[in-house]
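So the sequence lines, in the order shown, correspond to chains A and B. To convert, count from 1 in the first sequence and add 1; that's my numbering. To convert, count from 1 in the second sequence and add 104; that's my numbering. Every residue, glycine too, gets a C-beta built ideally from N, C-alpha and C. Just so we're clear, the structure is a prediction, and the values are computed from it rather than from any experiment. The structure appears below as structure tokens.
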Amino acid sequence: MTQMTFARAINAGLRKSLENDPKVVLLGEDIGTLGGVFRVTDGLQKDFGKHRVVDTPLAESAIVGTAVGLAYRGYRPVVEIQFDGFVYPAFDQIVSQVAKLHYRTRGAVKMPITIRIPFGGGIGSPEHHSESPEAYFTHTAGLRVVTVANPQDAYTVIQQAIACDDPVVFFEPKRRYHDKADVDESGDPRRAEPMDQARILTEGSDVTLVAYGPLVKTALDAASAAADEGISIQVIDLRSLAPVDYGTVEASVRRTGRLVVTHEAGQSGGLGAEVAASITERCFYHLEAAPVRVTGFDIPYPYSKLEMHHLPGLDRILDGVDRALGRPNSLSGLEG
Amino acid sequence: MSTDGTGQGGEHASSSAQRTSGPVNGLVQLITPAGERVSDPEFDFWVRDITDEQLCSLFEDMSVIRRIDLEATALQRQGELALWPPLLGQEAAQIGSGRSLRDDDFVFSSYRENGVAYCRGVDLTDIVRVWRGNASSGWDPYSINMATPQIIIGAQTLHATGYAMGIQNDGADSVAVTYFGDGATSEGDVNEAMVFAASYQVPVVFFCTNNHWAISEPVKLQSHIHLADRAAGFGIPSLRVDGNDVLAVMAATRVALDRARRGGGPTFIEAVSYRMGPHTTADDPTRYRDPNELEDWAARDPISRVAALLDRKGLLTEELQQQVKDKSDAVARDMRDGCTGMPDPQPLDVFKHVYSTPNSWLDRQQDHYARYLASFGDPAGATLEEGAR
Numbered sequence: 002m003t004q005m006t007f008a009r010a011i012n013a014g015l016r017k018s019l020e021n022d023p024k025v026v027l028l029g030e031d032i033g034t035l036g037g038v039f040r041v042t043d044g045l046q047k048d049f050g051k052h053r054v055v056d057t058p059l060a061e062s063a064i065v066g067t068a069v070g071l072a073y074r075g076y077r078p079v080v081e082i083q084f085d086g087f088v089y090p091a092f093d094q095i096v097s098q099v100a101k102l103h104y105r106t107r108g109a110v111k112m113p114i115t116i117r118i119p120f121g122g123g124i125g126s127p128e129h130h131s132e133s134p135e136a137y138f139t140h141t142a143g144l145r146v147v148t149v150a151n152p153q154d155a156y157t158v159i160q161q162a163i164a165c166d167d168p169v170v171f172f173e174p175k176r177r178y179h180d181k182a183d184v185d186e187s188g189d190p191r192r193a194e195p196m197d198q199a200r201i202l203t204e205g206s207d208v209t210l211v212a213y214g215p216l217v218k219t220a221l222d223a224a225s226a227a228a229d230e231g232i233s234i235q236v237i238d239l240r241s242l243a244p245v246d247y248g249t250v251e252a253s254v255r256r257t258g259r260l261v262v263t264h265e266a267g268q269s270g271g272l273g274a275e276v277a278a279s280i281t282e283r284c285f286y287h288l289e290a291a292p293v294r295v296t297g298f299d300i301p302y303p304y305s306k307l308e309m310h311h312l313p314g315l316d317r318i319l320d321g322v323d324r325a326l327g328r329p330n331s332l333s334g335l336e337g
Numbered sequence: 105m106s107t108d109g110t111g112q113g114g115e116h117a118s119s120s121a122q123r124t125s126g127p128v129n130g131l132v133q134l135i136t137p138a139g140e141r142v143s144d145p146e147f148d149f150w151v152r153d154i155t156d157e158q159l160c161s162l163f164e165d166m167s168v169i170r171r172i173d174l175e176a177t178a179l180q181r182q183g184e185l186a187l188w189p190p191l192l193g194q195e196a197a198q199i200g201s202g203r204s205l206r207d208d209d210f211v212f213s214s215y216r217e218n219g220v221a222y223c224r225g226v227d228l229t230d231i232v233r234v235w236r237g238n239a240s241s242g243w244d245p246y247s248i249n250m251a252t253p254q255i256i257i258g259a260q261t262l263h264a265t266g267y268a269m270g271i272q273n274d275g276a277d278s279v280a281v282t283y284f285g286d287g288a289t290s291e292g293d294v295n296e297a298m299v300f301a302a303s304y305q306v307p308v309v310f311f312c313t314n315n316h317w318a319i320s321e322p323v324k325l326q327s328h329i330h331l332a333d334r335a336a337g338f339g340i341p342s343l344r345v346d347g348n349d350v351l352a353v354m355a356a357t358r359v360a361l362d363r364a365r366r367g368g369g370p371t372f373i374e375a376v377s378y379r380m381g382p383h384t385t386a387d388d389p390t391r392y393r394d395p396n397e398l399e400d401w402a403a404r405d406p407i408s409r410v411a412a413l414l415d416r417k418g419l420l421t422e423e424l425q426q427q428v429k430d431k432s433d434a435v436a437r438d439m440r441d442g443c444t445g446m447p448d449p450q451p452l453d454v455f456k457h458v459y460s461t462p463n464s465w466l467d468r469q470q471d472h473y474a475r476y477l478a479s480f481g482d483p484a485g486a487t488l489e490e491g492a493r
């Protein structure tokens, strides 16, 4: 066990992947000499060379598009999109090429590309640096979408994503980059829990609280606060956003009868809607209340002095839990 | 015919590089529209190995792909294909370049380069598979080292550049060759591809067929300067070549390939040609095109001029013409038979190959749809009427 930050854990996972597979190459802006704006790739170019850790010109479509060509050639590219809001110039290459080439070629061409995207808010940045664009990608057939919520998962899942023969969008909760925890580097990622499995973090009997990425920590804090009031919350870290491990969520909701799902992204058409709908379809008669979504608003990401109003925090999550439980809450007395 | 495509550049390689820097005036041309072989002190060198026999073979290739194209257009008119993008008029650009490539080069093309696919040895049935609606890729790209032709305009130029980065990493001397049209040169992806290719000096050839029309938009809407002149802004040497002259196209392509194999980086080729047909069979060019323009270009036909050259040389014998006709007929027949005899895909194929590993969302949808089909007493769903689905 080594104590390391979230960012360092991803760095260690990338290093392992570069060591284990000569076909792994990293591409991105400022990832070489600088080591990335968040230092996630710190030291990797020095140790693996400029042809494996490639500083690219500033063109996101080209970063992803050349990764497609490298994958055609048998490489396993890992691209870094510097910030969530910078991914859109690459959207066509991700959606029309990366996601579809395996289907298009009836399996002849594999696209084992990992697209790393630091996402989410809470760091006081200007526009385009705090977005949560995961639903665009979970809606795209052919992509796998994962995120991680602790340094151990960061270390393990980045390696699983790189080893996966399908393209994986790997969302990194940037406001947790500096969180520290023990990481066991001795395990084999191939034998670890598969990346498309959700994980139950706390046992609970009253409410199922589904979170992912940056809000997992908030959800755990909320569960702990609720416990003080005698409310027992089962927190689930989804980890995989496409596909969602509904089996785990469904089993939990069958016991608790109540579902709260939370994310930073806006509500409409978000992943929370998909989780609520799917769980309602699967276990309607086990539900004691309508599923509750606690999410960001349907607004462009706000200027930073207002971002804490947009981001679901502990109290808003607990307010949602109260709604699910039929306890007094901010919307009590309001119809619909 | 086969050529090694490598040439032996030496001094010539550098002198051609000289010629390709800066604004490009005029076209590289080795055969005039009247079929006269004109000498060129630089570019003759690159086709010096082309024998009379090989010239006959190029004539045959161009005639065969014109026939493939006309047959596919007919198949579309007869309802056997949903759509077809004709290459009529662009035979020299496709054969001259396609026949310059080595097997281990890799092609990233648009949907119009069916003549290049022919050069790569594609199965004839595979040419029409996509257009019949039976598949999204006609062939396994690795079987002929040619990617699935790209429909998103210009996106493939980035794939070629990335592939070339891989070639460079591997220390190989293969080349990635990407084909695109005049319209594509306005796309961000094409410009980004040239930035990356120049930055890393990777072995990629940008082969731009300027056929003058992007559906209804004339090339002057895309650019007020020669497309070849844009390359200089990226620091990429370029050539502007008569795209209806098979020898000139071959010479230019060989210059570019030779440079790439020697580590000299990318080259941009503008092959000036003309789209004699519609954009696709769904298009109606009479709505936007002056018929006089068509006549002008008909006089510069790529096949007629080689026929005239062969005639001057006394090579256009009855025997050759019969041989070309027989080959074209046979190829067209094989393609038609392959097209009409193609088995329909099965309903549950719709779920195949979305992922290469199991996916719980999709597995569930497939399971539910299979049950739905089975509810008609027909598990395969093959005989289900369209309205009942």
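- Per DSSP, reduced to three states, the secondary structure at aspartate 85/A is helical.
- Taking 8 Å as the CB threshold, proline 395/B stays off the interface with chain A.
- Between the alpha carbons of asparagine 295/B and glutamine 272/B lies a distance of about 21 Å.
- Within chain A, no C-beta atom comes nearer than 9 Å to that of glycine 369/B; the closest sits roughly 15 Å away.
- Taking 8 Å as the cut-off, the beta carbon of serine 241/B is found closer than this to the beta carbon of threonine 106/A.
- In the three-state reduction of the DSSP assignment, glutamate 194/A falls in the coil class, being assigned neither a helical nor a strand state.
- Here DSSP, grouped into helix, strand and coil, assigns histidine 383/B to coil.
- Under a criterion of Cβ atoms nearer than 7 Å, the residues of chain A adjacent to glycine 266/B are, in order, Gly66, Thr67, Ala68, Val69, Gly70, Leu71.
- In this structure, DSSP gives aspartate 323/A a helical state, which the three-state scheme calls helix.
- If you check each beta-carbon in the region 249-266 of chain A against every beta-carbon of chain B, none falls closer than 9 Å.
- Bridge partners of threonine 115/A according to DSSP: Val79/A, Val169/A.
- For the pair lysine 456/B and phenylalanine 87/A, the Cα-to-Cα distance works out to about 32 Å.
- Aspartate 154/A: not part of any beta strand (DSSP E); member of the alpha helix (DSSP H) spanning 152-164, first to last residue.
- No residue range can be given for phenylalanine 298/A, since it is assigned to no alpha helix (DSSP H) and is classified by DSSP as neither H nor E.
- For arginine 40/A, the CB contacts under 8 Å within the same chain, skipping 5 residues up- and downstream, are Ala8, Asn12 in chain order.
- Residue contact check for phenylalanine 149/B against chain A: no CB pair falls below 8 Å.
- Counting C-beta pairs closer than 8 Å gives fewer than three between the region 65-73 of chain A and the region 420-430 of chain B, which falls short of the contact rule.
- With 16 or more other Cβ atoms inside 10 Å of its own Cβ, methionine 5/A counts as buried.
- Secondary structure at phenylalanine 210/B: strand, using DSSP grouped into helix, strand and coil.
- Contact note: valine 458/B reaches chain A through His103, Tyr104, Ala142, Gly143, using a C-beta cutoff of 8 Å and chain order.
- Closest by C-alpha distance to methionine 112/A, out of Tyr76/A, Ala142/A, Gly36/A, is Tyr76/A.
- Of the residues Val293/A, Val250/A, Val208/A, Leu239/A, the one whose Cα lies closest to the Cα of isoleucine 232/A is Val208/A.
- Sixteen is the threshold: since fewer than 16 other Cβ atoms of the shown chains lie within 10 Å of the Cβ of glutamine 450/B, the residue is exposed.
- Three or more beta-carbon pairs separated by less than 8 Å link the region 165-176 of chain A to the region 452-467 of chain B, which places the two stretches in contact.
- Looking at the DSSP output, threonine 313/B shares a beta bridge with Gly285/B, Ala375/B.
- Rounded to the nearest whole angstrom, the CA to CA distance from alanine 355/B to valine 96/A is 38 Å.
- Here alanine 136/A really is in contact with leucine 272/A; their C-beta atoms are around 5 Å apart, less than 8 Å.
- When Leu174/B, Leu187/B, Arg170/B are compared, the shortest CA-CA separation from glutamine 198/B is found for Arg170/B.
- Under the three-state reduction of DSSP, phenylalanine 163/B is assigned to helix.
- For glutamate 128/A, there is no enclosing alpha helix (DSSP H), as DSSP marks it with neither H nor E.
- Residue state for aspartate 144/B is assigned as coil, using DSSP reduced to three classes.
- Put simply, of Tyr378/B, Arg358/B, Gly381/B the residue whose alpha carbon is nearest the alpha carbon of threonine 371/B is Arg358/B.
- Out of Glu184/B, Asn249/B, Asn314/B, Thr136/B, the CA that lies nearest to the CA of leucine 414/B is found in Thr136/B.
- In the DSSP assignment, valine 350/B falls within the unbroken alpha helix (DSSP H) covering 350-365.
- For histidine 383/B, same chain residues with a beta-carbon under 6 Å away, outside a window of 5 residues either side, are Ile319 in chain order.
- Among the residues facing chain B, aspartate 189/A is not included, as its CB has no counterpart in that chain under 8 Å away.
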